[in-house]
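Asker:
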Amino acid sequence: MPSATPTMEDYLKCIYIMIQRKGYARAADIAETLDVQRSSVSRMVQKLDDKQYLIYEKHRGFILTSEGNRLGEWYVYRNQMLKRFLETVGISEYHIDQEVEGIEHHFSADSVKRIAGMIKYFDENMDRVTRLREIQYSESNDIDN
Ligand code: CA
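Take the sequence shown: its position 129, counting from 1, is numbered 128 in numbering that gives the first Met the number 0, and each next residue is one higher.
1) Assess contact between the stretch 34 to 47 and the stretch 81 to 91, defined as three or more Cβ pairs (one per stretch) separated by less than 8 angstroms. Is contact present?
2) Do the CB positions of alanine 30 and valine 40 come within less than 7 angstroms of each other?
3) Leaving out five residues before and five after serine 110 in sequence, what residues of the same chain have Cβ atoms less than 8 angstroms from its Cβ?
4) Would you report the Cα separation of phenylalanine 61 and cysteine 13, rounded to the nearest angstrom?
5) Leaving out five residues before and five after proline 1 in sequence, what residues of the same chain have Cβ atoms less than 6 angstroms from its Cβ?
6) Following the continuous alpha helix (DSSP H) through phenylalanine 121, name the residue where it begins and the one where it ends.
7) Would you tell me roughly how many angstroms separate the C-alpha atoms of isoleucine 54 and isoleucine 114, rounded to the nearest one?
8) Tell me the rounded alpha-carbon separation between aspartate 150 and isoleucine 134.
9) Hey, would you say the C-beta of aspartate 96 is under 6 angstroms away from at least one heavy atom of ligand 1?
In structure tokens:
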């Protein structure tokens, strides 16, 4: 299945993660991680610069402005919560990344907050997860059909 074209949010997420790990993000690394051409990265970096989400530093790469950082952190958090959500409902790890990459952009802060609460509800008591699986795999609710 071909992956969707990365959005501005995906770029910010990617740049945020790289900066967390290395202190900076470089165009070549972004292109490789997002599997896009360098020219696509250049265009998006220009857009992000226009919106004042990042600063280009010669010889070093990009760093995020405080607003870019705030957005990047939020996009990463939302991505993680949606992955946790799909894990909790029993989606196999193999499909999770791809599914979340597609749907994440449509979830509001309020929706993510409520999903985080639901994850906590299941995390607090693993019997709830066990019961969920029982329901999911009972004959009357055969999710494979
Ligand atoms: Ca995405």
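Every residue gets a Cβ at the ideal spot worked out from N, C-alpha and C, and that includes glycine. Quantities reported herein were computed from a predicted structural model and do not represent experimental measurements.
Answerer: The answer reads as follows:
1) no
2) yes
3) none
4) 12 angstroms
5) Interpretation of proline 1 is limited by its pLDDT of 41, a score under 50 that renders its predicted location unreliable; the figure taken from the coordinates is listed afterwards. Closer than 6 angstroms at Cβ, skipping near neighbours: no residue.
6) 108 to 122
7) 33 angstroms
8) The question about residue 150 has no answer here: the residues shown for the chain are numbered 0 through 144.
9) no
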